[in-house]
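> Following this message is one structure expressed as structure tokens.
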Amino acid sequence: MYYIRKDERGLVWNPISWSCITVFLFLQVTAGAYAQIDPGIRGGAPGAGLPFTTGLTGSELAFFNDVGVKEFNEIEQVEDGLGPRFNLDSCAGCHLFPAIGGSSPPMNNPLVMRAPTMAPGSTVPSFLKIDGPIREVRFIRQTQVNSERGRRSDRHDDEDEARKSNAPLDGQVHNIFTIVGRSDNPEGCKIKQPDFSDTRNMIFRIPTPLFGLGLIESITDATIKNNLASDPTGLKRLLGIRGSVNTNGNDGTVTRFGWKAQNKSLLLFSGEAYNVEMGVTNEFFPNERSEDPKCATNPLPENRTGFGAETEPSNLVAFMTFVRFMDQPTPACGTAGQPTCSPSVVNGRALFEWIGCSGCHTPSLPTGLSYTEALNQKQAKLFSDLALHHMGSGLADDIIQGKAGPDEFRTAPLWGIGQRAFFLHDGRTNDLLKAIYAHASPGSEASRVIGLFHRLTASQRQDILNFLRSL
104 MYYIRKDERG LVWNPISWSC ITVFLFLQVT AGAYAQIDPG IRGGAPGAGL
154 PFTTGLTGSE LAFFNDVGVK EFNEIEQVED GLGPRFNLDS CAGCHLFPAI
204 GGSSPPMNNP LVMRAPTMAP GSTVPSFLKI DGPIREVRFI RQTQVNSERG
254 RRSDRHDDED EARKSNAPLD GQVHNIFTIV GRSDNPEGCK IKQPDFSDTR
304 NMIFRIPTPL FGLGLIESIT DATIKNNLAS DPTGLKRLLG IRGSVNTNGN
354 DGTVTRFGWK AQNKSLLLFS GEAYNVEMGV TNEFFPNERS EDPKCATNPL
404 PENRTGFGAE TEPSNLVAFM TFVRFMDQPT PACGTAGQPT CSPSVVNGRA
454 LFEWIGCSGC HTPSLPTGLS YTEALNQKQA KLFSDLALHH MGSGLADDII
504 QGKAGPDEFR TAPLWGIGQR AFFLHDGRTN DLLKAIYAHA SPGSEASRVI
554 GLFHRLTASQ RQDILNFLRS L
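So this note's numbering is basically just the index in the sequence shown, starting at one, shifted up by 103.
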């Protein structure tokens with residue numbers, strides 16, 4: 104329970120003082136003024152990546168293990184529909200750490216490791232490192248005669264100038280690799296790899312973990328909206344936490360998947376990824392993204408549903424079902440079958456609530472009714488409100504998706520963060536403490552919370568880090 108009194112927090116809620124807090128925190132961070140450290144990726148067995156242990160029928164569990172796992176790990180070939188532009192050639196290529204369904208590994212970036220055989224005619228751009236995150240690329244602005252789509256970016260002195268340019272906004276994904284140079288490349292297909300030399304006109308996204316998404320899909324719109332509006336102690340108002348939901352433009356329902364909560368359902372989310380990340384057309388996205396007809400050897404969607412008496416479901420349905428039946432991550436302590444949490448973790452959890460982190464990172468939301476018992480009226484311990492929040496100029500990527508503006512992002516679920524290697528939407532850091540401080544910048548709804556975090560003692564900040572790494 105929160106008690107907003109000066110003598111308990113040692114703070115005066117002075118709006119003028121808060122206007123200076125971002126500059127202060129920036130100076131502290133850039134000076135390396137850390138008296139505590141990120142404990143790092145939690146060791147031991149992966150705490151995620153498995154199907155629900157209860158609530159799945161025998162047929163559902165068999166589908167997960169026999170069909171879903173196989174299709175999620177399958178390496179696509181050109182004859183399967185790969186390309187002609189793509190980022191990786193399998194779902195598991197991007198979603199692999201700490202288990203299948205996760206995100207980037209801390210080392211041996213698949214985009215770097217597999218490029219010579221996967222895309223022999225392409226080069227690895229400078230923003231991809233062997234010890235860096237898997238990254239998807241978007242251009243901020245369209246430009247003249249780009250080698251990918253007939254446009255190329257003018258050179259800019261810096262990223263801010265790129266954003267202020269009068270050139271039209273771009274914002275779409277530009278695939279890193281092409282099928283040119285592969286032995287299975289269609290004759291006559293000679294599309295060029297995009298020119299990625301001007302990194303100042305680019306923004307990046309890293310893969311979001313897929314654990315527990317079936318639970319997120321099953322949370323009702325009313326639950327999300329009511330939780331966002333709930334502020335019984337007034338703490339969210341005092342901290343400047345507002346938030347809004349992203350919605351479908353046609354029926355007004357709450358969208359919730361992706362960095363900007365831009366997608367409504369797992370089926371749509373899966374279909375878009377299949378097309379955008381691997382170039383595989385399907386019933387949801389039937390058109391090739393390439394402009395060269397010589398590269399589109401199959402004019403029909405490469406992945407579609409069969410209608411025989413006994414037919415396997417499409418890969419798209421297999422992906423969606425695999426993700427839907429994947430359980431939420433298990434924390435390292437404090438749950439059934441797990442050891443008791445240390446005093447530091449227990450205190451970190453209390454401090455996390457006390458300074459207002461849970462104003463956005465809601466610890467748990469209930470699911471609604473579902474025909475799948477594993478998803479029916481359960482608690483999703485996601486540490487997210489699934490809402491959009493202004494994160495300020497420091498994190499803004501200038502991408503607009505639905506109602507999500509240039510600096511708005513969905514509250515990232517924290518479940519499983521203890522075994523995550525890279526943080527924030529672009530994977531800019533592998534240090535959890537730096538990721539926390541990056542939440543504070545001009546215009547960010549989180550700046551006051553980060554101010555409270557900074558005013559804690561070093562041992563208290565360490566307790567919060569230890570708590571987060573236990574999730």
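Here a beta-carbon is modelled for each residue, glycine too, at the ideal position from N, C-alpha and C.
I'd like to know whether the C-beta atoms of G196 and G152 end up nearer to each other than 8 Å.
Against the sequence shown, residue 196 aligns to sequence position 93. Against the sequence shown, residue 152 aligns to sequence position 49. Cβ atoms of G196 and G152: not closer than 8 Å.
> For the 8 Å Cβ check, are there 3 or more pairs between the segment 199-219 and the segment 283-292?
no
> Between the Cα of P335 and the Cα atoms of G462, L555, V448, which residue gives the shortest distance?
Numbered from its first residue, the sequence shown carries residue 335 at position 232. Ranking G462, L555, V448 by Cα distance to P335 puts G462 first.
> Taking 8 Å as the cut-off, decide whether the C-beta atoms of I567 and F425 are in contact.
Along the sequence shown, read from residue 1 onward, the residue named residue 567 stands at position 464. Along the sequence shown, read from residue 1 onward, the residue named residue 425 stands at position 322. Their beta carbons are not under 8 Å apart, which means I567 does not touch F425 by this criterion.
> From A270, T157, I344, pick the residue whose C-alpha is nearest to that of G459; which is it?
As a first step, residue 459 must be located in the sequence shown, where it is residue number 356. The shortest C-alpha separation from G459 is found at I344.
> Taking contact to mean 3 or more Cβ pairs, one atom from each stretch, closer than 8 Å, check whether the segment 185-199 and the segment 440-448 are in contact.
no
> Roughly how far, in whole angstroms, is the beta-carbon of S347 from the beta-carbon of A490, given that I think they are within contact range, below 8 Å?
As a position in the sequence shown, residue 347 is number 244, starting the count at 1. As a position in the sequence shown, residue 490 is number 387, starting the count at 1. S347 to A490, Cβ: 6 Å. Contact.
> On the criterion of 16 or more Cβ atoms from any shown chain inside 10 Å, does T125 qualify as buried, or is it exposed?
Along the sequence shown, read from residue 1 onward, the residue named residue 125 stands at position 22. For T125, the predicted structure reports a pLDDT of 48, less than 50, and the residue's modelled location is therefore unreliable. A value from the coordinates is still provided. Buried is the call here.
> Please give me, in chain order, every unbroken run of the beta strand (DSSP E) with length at least 3 that falls completely inside the segment 326-393.
Those beta strand (DSSP E) runs which fall completely within the segment 326-393 and span 3+ residues do not exist here.
> Under 8 Å: do the segment 353-362 and the segment 388-399 share three or more Cβ pairs, one atom per stretch?
no
> The alpha helix (DSSP H) spanning F422 covers which residue range?
Taking the sequence shown and counting its residues from 1, the one referred to as residue 422 is at position 319. Element bounds for F422: 418-427.
> Quick one: Cα of R241 to Cα of K484, how far?
One-based indexing of the sequence shown puts residue 241 at position 138. One-based indexing of the sequence shown puts residue 484 at position 381. Roughly 31 Å between the two C-alpha positions.
> What number of angstroms, rounded off, separates the C-alpha of D430 from the C-alpha of G161?
For this step, residue 430 is matched to residue 327 along the sequence shown. For this step, residue 161 is matched to residue 58 along the sequence shown. Roughly 16 Å separates the two Cα atoms.
> Can you tell me which of the three DSSP states A439 falls into?
In the sequence shown, residue 439 corresponds to position 336, counting from 1. Looking at A439 - three-state DSSP - the assignment turns out to be coil, as it is neither helix nor strand.
> Between A499 and S229, what straight-line distance do the alpha-carbon atoms span, to the nearest angstrom?
Looking up residue 499 in the sequence shown gives position 396. Looking up residue 229 in the sequence shown gives position 126. C-alpha separation (whole angstroms): 22 Å.
> Could you tell me which residues DSSP pairs with E239 in its beta bridges?
Start at 1 with the first residue of the sequence shown, and residue 239 comes out as number 136. The partner list for E239 (beta bridge, DSSP) reads R308.
> Is the distance from the Cβ of L572 to the Cβ of P142 below 8 Å?
Numbered from its first residue, the sequence shown carries residue 572 at position 469. Numbered from its first residue, the sequence shown carries residue 142 at position 39. Note that residue 572 is Arg in the sequence shown here, rather than Leu. Contact flag set, yes.
> Could you tell me the alpha carbon to alpha carbon distance between G184 and G355, rounded to whole angstroms?
Here residue 184 refers to the residue found at position 81 when the sequence shown is read from its first residue. Here residue 355 refers to the residue found at position 252 when the sequence shown is read from its first residue. Answer to the nearest angstrom: the Cα atoms are 34 Å apart.
> On the three-state DSSP scale, how would you describe M494?
As a working mapping, residue 494 is identified with position 391 in the sequence shown. Of the three classes helix, strand and coil, the one that applies to M494 here is strand, per DSSP.
> Just curious, the alpha helix (DSSP H) that E320 is in, first and last residue?
Translated into the one-based positions of the sequence shown, residue 320 becomes position 217. Residues 316-321.
> Since I believe Q139 is in contact with L536 (beta carbons under 8 Å), could you give me their beta-carbon distance rounded to a whole number of angstroms?
Working through the sequence shown from its first residue, we reach residue 536 at position 433. Working through the sequence shown from its first residue, we reach residue 139 at position 36. The pair is a contact, with the Cβ atoms about 7 Å apart (cut-off 8 Å).
> By DSSP, does P213 sit in helix, in strand, or in coil?
To locate residue 213, count along the sequence shown from 1; it is residue 110. In this structure, P213 counts as helix in the three-state DSSP scheme.
> Beta carbon of D529, beta carbon of I306: below 8 Å?
The sequence position of residue 529 within the sequence shown is 426, counting from 1. The sequence position of residue 306 within the sequence shown is 203, counting from 1. Yes, the Cβ-Cβ distance between D529 and I306 is below 8 Å.
> Using a Cβ-Cβ cutoff of less than 8 Å, which residues in the same chain neighbour T433 once the five nearest sequence positions on both sides are dropped?
Counting from one through the sequence shown, the residue named residue 433 turns up at place 330. Contacts found: G150, A151, Q441.
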